[in-house]
Structures are given as structure tokens and as C-alpha cells.
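So in this note's numbering, the last one in the sequence shown is 329, and the numbering has no gaps at all. Glycine included, every Cβ here is placed at the ideal spot set by N, Cα and C. Here's the structure, in C-alpha cells; my notes come after.
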Amino acid sequence: MTAQPRKIIIDTDPGQDDAVAILLALASPDELEVLGITAVAGNVPLALTQKNARIVCELAGKPQTRVFAGCDKPMVRPLVTAENVHGKTGLDGPQMADPTMPLQEAHAVDFIIDTLRREAPHSVTLCPLGPLTNIATAMQRAPDIIPRIRQIVLMGGAYFEVGNVTPAAEFNIYVDPQAAQIVFGSGVPLVVMPLDVTHKALTTRARIEAFRNLGTEPGRMVAEWTDFFERFDMQKYGSEGAPLHDPCVIAYLIDPSLFEGRHVNVEIETQSELTMGMTVADWWGVTKRPANALFIGDLDADRFYALLTERIGRL
Ligand code: BDR
Ligand code: CA
């Protein structure tokens with residue numbers, strides 16, 4: 015008997031790497047059932063992230079996917095965006111037409127709450143790829159949903175790689191540290207894809223050409239997005255390519271054997287301006303604080319890109 019696909023909600027701020035993550039999920043119906051995609055303000059403002067999410071669903075040939083708009087700013091702090099990385103639209107690179115599929119009327123937070131209340135307990139996994147504002151707002155508004163969540167697999171934070179947006183903090187956690195504190199303190203089983211692992215998921219010329227050589231529209235778009243996205247990290251880190259951060263979340267759900275990590279305690283800095291949004295991970299177990307996350311540190315990059323290319327090729 016084959017296993018039922020795992021039910022997921024993707025919470026996202028596309029973003030080229032978010033876009034690739036969404037394509038990977040929509041290309042993997044045997045493993046994943048995407049109940050909905052919830053947009054949040056992050057890389058670019060909400061008006062663009064909800065639109066970008068719909069562009070990606072149409073590109074995948076899945077315009078029936080439900081896309082919801084959520085919070086337009088973090089819980090406490092003003093919104094910080096990342097047009098310097100992702101361009102003005104958030105999906106700069108190739109030419110893109112406006113989507114024609116509708117945006118759902120419900121607010122993303124209501125959709126998250128209603129879905130978790132309706133579906134069987136421990137059957138829905140949340141996949142946040144941006145700031146945690148929608149997820150934490152849902153938890154704060156409806157604490158009864160917290161024990162119903164099966165797992166949260168998220169991209170955010172860093173320990174050995176420290177920060178990408180400040181010297182101490184990774185973008186998704188920095189943008190809404192109060193939301194991150196709620197999620198990391200929720201008691202829900204967490205799997206965290208920090209920069210420590212995503213900085214090993216680097217594009218190379220050959221990996222990008224493999225997407226282009228698929229000869230399909232999704233393959234060409236992924237190649238052009240990664241071409242655009244690369245320039246920033248190559249200049250910044252002098253690396254060979256760019257990290258495809260967010261697809262790590264979806265790849266983990268499809269094949270966790272690609273990744274290695276440790277169960278550790280992770281706390282979020284919300285007080286100090288200097289280190290705001292830092293993910294303080296007790297990698298060496300020097301405190302007695304209980305583990306609250308599987309903090310991933312390594313991946314098999316060749317197998318990761320092979321999976322991505324094969325799945326994007328199915329669209
Ligand atoms: C994270 O920030 C965004 O720019 C990316 O989409 C990713 O989710 C990396 O720090
Ligand atoms: Ca993202």
C-alpha cells in the first residue's frame with residue numbers, strides 16, 4: 015500500500031528561491047498535497063508576494079491551487095524588504111505576465127486556523143519560507159491549533175554562518191523576530207533549514223544549465239530566476255553560485271535522507287538591536303535548555319539538485 019501524500023500549507027514571500035520551492039512542491043503530488051499557499055510580506059510587500067505566488071502556480075500548470083494573502087507587516091517591527099537581492103518585483107529575471115487565477119477572499123491567517131481545525135489532528139505540516147508573521151498570528155489568535163500541527167519545516171536562521179541581513183541575523187527571522195519567538199516556543203516539532211545548510215545548496219553553471227536544458231517553460235524560468243538571483247551572492251560571498259534556500263524545506267519533506275542535522279535548543283534574540291533576530295542554537299549542548307528543533311547543518315547537494323531538476327522536468 016502506498017502512503018498518502020502529506021498535507022502541507024506553504025507560507026511564503028516569493029522570492030525566486032520561494033518560487034522554485036513552490037514548483038518543487040506542485041511537481042510532487044505523490045508525496046505532497048498542497049492544501050493552500052499563504053503569502054506574507056517579506057522579500058517584497060504583500061501585494062507582490064501574493065501576486066508572485068499566483069504567477070508560480072500558473073507556471074506550474076496548477077491554477078486551481080488556492081492562494082491567500084496574509085499579514086502585510088511584522089507583528090511589532092516595521093517591515094524590512096529585500097529588493098536588493100530579489101529585484102523590484104521579487105521575481106526579477108525573466109519577463110512575466112500578470113496572473114489570471116484568482117486570489118482567495120479569506121485572509122491567510124483564517125485559512126491556516128480553519129484548515130488546522132478541520133483536518134485530522136497531526137495531519138497538516140506547515141512550510142514557512144518567509145517571515146513567520148502569518149504562522150505566529152494564527153497561533154496567537156487560536157492557540158487550540160498548536161497541538162494539531164503535525165510539524166513545521168521552515169527556512170530561517172543561522173548559527174555557524176551567522177547573518178545575511180545583519181552580521182548576526184538571517185533575513186526571515188530578522189524581519190519578524192517576535193513571530194519567530196512564538197513559533198520556536200510553541201512546542202510544535204520543528205525542522206529548521208538555516209543558512210548553515212542552504213549555503214551548501216549552491217547553484218553552479220552546470221546545475222542552472224540542467225534546468226534550462228529541460229526545454230520547458232518552468233525549466234527556462236527557473237534557469238533565468240537563478241541566473242538573476244546568483245549575482246548578489248556571488249558578489250557578496252565570492253561563491254560559485256547562489257544558495258537555493260527555500261527548496262530545502264520541500265526537498266526535506268520529499269526525501270529527508272538528503273539532509274543531516276541535530277536536535278538542539280534554539281532561542282530567538284528579540285531585545286538587542288545589535289543582534290536582533292539571531293537564532294541562538296545550542297549546537298554543542300552547553301545549556302540544559304530542552305531541544306526544540308532539528309537544526310539542519312548539511313545536505314547532499316548533488317542529489318538535491320538532481321531531485322529538483324527531475325521534478326521541475328515533470329511540470
Ligand atoms: C531567506 O530570505 C529570503 O530572501 C529568501 O527567500 C529566503 O527565504 C534567506 O535568508
Ligand atoms: Ca523566502
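- Assignment of alpha helix (DSSP H) within the segment 234-317, counting only whole runs of 4 or more residues, yields 261-268 in chain order.
- Annotation for V211: the continuous alpha helix (DSSP H) segment containing it runs L209 to T212.
- Its chain contains A150, M153 and Q154 as the residues whose beta carbon lies nearer than 7 angstroms to that of I196, once the 5 sequence neighbours on both sides are disregarded; these appear in chain order.
- Counting C-beta pairs with one atom in each stretch, the segment 196-211 and the segment 96-111 have fewer than three that are closer than 8 angstroms, which means they do not touch.
- When G170, G199, V176 and G75 are compared, the shortest CA-CA separation from V189 is found for G170.
- Taken through DSSP and simplified to helix, strand or coil, P77 comes out as coil.
- Considering only V167, D210 and P145, the residue with the shortest C-alpha distance to G177 is D210.
- Taking the C-beta atoms as reference points, A67 is found no nearer than 8 angstroms to K87.
- Taken from the Cβ of L60, every heavy atom of ligand 1 lies 7 angstroms or farther away.
- For L38, the Cβ stays outside the 7 angstroms cut-off from all heavy atoms of ligand 2.
- DSSP places E97 inside the alpha helix (DSSP H), whose first and last residues are E97 to H100.
- Between A237 and M248, the C-beta spacing is not below 8 angstroms.
- By the beta-carbon neighbour count (other beta carbons within 10 angstroms, threshold 16), L288 is exposed.
- Under DSSP, G50 shares a beta bridge with I23.
- In the DSSP assignment, F82 forms a beta bridge with T52.
- Cβ contact annotation for I163 (same chain, cutoff 7 angstroms, sequence separation greater than five): L130, V138, L140 and V202, in chain order.
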